[in-house]
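Asker: Could you have a look at this structure, given as structure tokens, before my questions?
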Amino acid sequence: MKRAFWILAAACAVLGGLCAAVPGLRFAALLLLCAAAFCAALALLSRLAETRRWARICRTALLALFCAGFALFAVLEAMVISGADGDADDTPVSCVIILGAGVNGTQPSLMLWSRLNAALAYLADKPDVPVIVSGCRGRGEEISEAECMYRWLTTHGIEADRVWKEEQATSTRTNFARSYELMAARGVSGDFAFVTNDYHVCRAGRIADTPLAHGVAARLPRSAYYDVLTLNYYVREAFALANELFFRMDLDL
8 MKRAFWILAA ACAVLGGLCA AVPGLRFAAL LLLCAAAFCA ALALLSRLAE
58 TRRWARICRT ALLALFCAGF ALFAVLEAMV ISGADGDADD TPVSCVIILG
108 AGVNGTQPSL MLWSRLNAAL AYLADKPDVP VIVSGCRGRG EEISEAECMY
158 RWLTTHGIEA DRVWKEEQAT STRTNFARSY ELMAARGVSG DFAFVTNDYH
208 VCRAGRIADT PLAHGVAARL PRSAYYDVLT LNYYVREAFA LANELFFRMD
258 LDL
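In this note's numbering, the protein residues as written are 8 to 260.
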């Protein structure tokens, strides 16, 4: 058993190192390194447990915590997956909010590009519905996320006067708070849609904190790399959802 734990620790450490070298898989790398440390701790405690009672107690407690944590993770992940399709469907909406994501210089990142494409498809049969693009200028970005989205949408056929920029938000929570202020200032009320990536729909809907909000899910293209990236974000989202449910720290995720 001790040998198996050491082998698992080594495998997780190697995989974590490989993930750390792949763009977009930082969280997977961190999780695997934590798993490596967990397995190493179990291996060490299993060895000490042969002669020391405290080590047996610590090993049992560590395994109990792991089982409880995994059960909680499974519940949260089920919530993330169940909400991933969104619920906008054919609901009439008064406004569409596109939640910001990273900008590479002046161009949308992969995540932001997917959100913009989903928004464009959703808006195809809604010629009179205004769009709020929300997001500030972050580190390494030459323009704000809102400005980037504004340029992309207007280049792809959305009339400029329909796109309202909100350039102060730094997180999902402030995306909604600032957008609500803009909607109130423009006299917009009633049901609205928000566009974000599929894995983020569940948590974003909870942050929106109103039954009037309806999610539109954006998905990455299918490929081996994008599928792994999507899996990474789905797993990460369960931890972010735990924060939203239990701590409500304003994370920039």
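C-beta: ideal position from N, C-alpha, C; glycine also.
All figures in this text were calculated on a predicted structure; none of them were measured in a lab.
If we ignore side chains and look at the alpha-carbon of each, how far apart do L258 and S178 end up?
Answerer: L258 and S178: Cα-Cα distance of roughly 7 Å.
Asker: How many angstroms separate the CA atom of F73 from the CA atom of G194?
Answerer: Rounded to whole angstroms, F73 to G194 spans 50 Å at the Cα level.
Asker: Would you call C102 buried or exposed, if buried means 16 or more other Cβ atoms sit within 10 Å of its Cβ?
Answerer: Flag for C102 reads buried.
Asker: Closer than 6 Å by C-beta to L22: which residues in its own chain qualify, once you throw out the five before and the five after it? Chain order, please.
Answerer: So the qualifying residues of the chain are L39.
Asker: Return the residue from the list G31, F45, K9 and R10 that minimises the CA-CA distance to A20.
Answerer: The shortest Cα separation from A20 among G31, F45, K9 and R10 belongs to F45.
Asker: When you compare each of V208, R66, A192 and R144 to A95 by their alpha carbons, which one comes out closest?
Answerer: The shortest Cα separation from A95 among V208, R66, A192 and R144 belongs to V208.
Asker: What is the DSSP secondary structure of F77, counted as helix, strand or coil?
Answerer: Helix.
Asker: What is the rounded straight-line gap between the Cα of A68 and the Cα of L227?
Answerer: Straight-line Cα distance between these residues: approximately 40 Å.
Asker: So, are the CB atoms of L127 and P115 less than 8 Å apart?
Answerer: Cβ atoms of L127 and P115: not closer than 8 Å.
Asker: What does DSSP give as the partner residues of N204 in its beta bridges?
Answerer: Bridge partners of N204: A225.
Asker: Could you check whether S186 and S141 sit closer than 8 Å to each other, using their CB atoms as the reference points?
Answerer: In this structure, S186 lies closer than 8 Å to S141 by Cβ.
Asker: With distances taken between CB atoms, is the gap from G109 to G76 smaller than 8 Å?
Answerer: For G109 and G76, no; Cβs fall outside 8 Å.
Asker: How many Å lie between E251 and I214 at the Cα?
Answerer: Using only the alpha carbons, I get a separation of about 8 Å.
Asker: How about N204 and A225: do their beta carbons lie closer than 8 Å?
Answerer: Cβ atoms of N204 and A225: closer than 8 Å.
Asker: Can you tell me whether P137 is buried or exposed? The criterion is at least 16 other CB atoms within 10 Å of its CB, across all chains shown.
Answerer: Result: buried.
Asker: DSSP on E148, reduced to helix/strand/coil?
Answerer: Of the three classes helix, strand and coil, the one that applies to E148 here is strand, per DSSP.
Asker: CA-CA distance, G212 and A184?
Answerer: Near 13 Å, if we compare the C-alpha coordinates of A184 and G212.
Asker: Would E152 pass as a contact of L119 if the rule is Cβ separation under 8 Å?
Answerer: For E152 and L119, yes; Cβs fall inside 8 Å.
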